[in-house]
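Per our numbering, the very first residue in the sequence shown carries number 15; after that it's consecutive.
We treat Cβ as the ideally placed atom computed from N, Cα and C, and that holds for glycine.
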Amino acid sequence: MFNQSTVFLLILFALGYIGKNQSIMIAVYILLGIQLFKMDDKLFPYIQDKGMLWGVTIITVAVLVPIANGDIGFSDLFSSIKSYYGWIALGAGMFVAIVARGGLDLLANDPHLTTALVMGTILAVVFFQGVAVGPLIGAGIAYMVMRVVDFIIS
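See the structure below:
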C-alpha cells in the first residue's frame with residue numbers, strides 16, 4: 015500500500031491540510047480510497063482520460079445555474095455588454111478558450127510537461143489559495159510563452 019505514489023499523495027494531503035485547501039484534501043482522499051479498494055487499475059485510466067471533461071462540465075453547470083433558475087436573463091446579457099467591463103469579460107473569456115486550445119496541443123505533444131504543470135497548480139493551490147482550474151489553462155499559457163520565447167531566440 016505504501017508505494018511511492020501513496021507517499022506522494024499523503025504529502026499532498028498534508029500540504030492541503032497545512033494550506034487549509036479542501037479541494038486538494040478531498041481529491042487525495044478519493045484517490046487513496048480508490049487505491050485502498052484496489053480499484054485503481056480500472057478507475058485511474060478512466061478518470062485520467064475523462065476527468066478534465068467532468069471538471070469542466072461541473073464548472074460549466076455551476077456557472078449556468080443562474081441562467082437556469084432565472085436569476086440571469088437576456089436583459090442582463092444585453093446590459094452587460096453596455097459597459098467596458100462587460101466587453102473586457104467577453105474578451106477574457108474568448109482569450110482563455112483560445113489559450114486552452116494551445117494547452118491541448120502542448121499536452122498531446124509533450125505529455126512529460128504535465129508533471130511540472132500539476133506541481134505548479136498544487137503549489138499555487140496549497141500556498142497561495144489558488145484554484146485548481148486545471149493544467150489545461152496552465153499548459154495553454156506555457157504554450158503561448160514557449161512560442162514567444164522560441165520566436166525571440168530564433
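Kindly indicate which three-state DSSP category residue i falls into: helix, strand or coil?
i	result
Ile-166	helix
Gln-36	helix
Gln-49	helix
Asn-17	coil
Ser-89	helix
Lys-96	coil
Val-183	The structure shown does not extend to residue 183, since the chain is modelled only from 15 to 168, so the question has no answer here.
To the nearest whole angstrom, what separates the beta carbons of residue i and residue j, a pair I think is in contact under 8 Å?
i	j	result
Ile-48	Phe-58	7 Å
Val-113	Met-158	6 Å
Leu-121	Thr-128	6 Å
Taking the alpha-carbon of residue i as reference, which of the options has the nearest alpha-carbon?
i	options	result
Val-132	Leu-26, Leu-46, Tyr-60, Met-158	Leu-26
Ser-19	Val-42, Thr-135, Tyr-99	Val-42
Val-145	Leu-23, Phe-16, Gly-30	Gly-30
Asn-17	Ala-28, Leu-46, Leu-78	Leu-46
Ile-44	Ala-82, Lys-64, Leu-23	Leu-23
Can you have a look at residue i and say buried or exposed, based on whether 16 or more other CB atoms are within 10 angstroms of its CB?
i	result
Ala-156	buried
Check: Is it a yes or a no for the segment 107-121 touching the segment 150-159, going by three-plus beta-carbon pairs under 8 Å?
Finding: yes
Checklist line | Given 8 Å, three or more beta-carbon pairs between the segment 29-45 and the segment 134-141 | finding: yes
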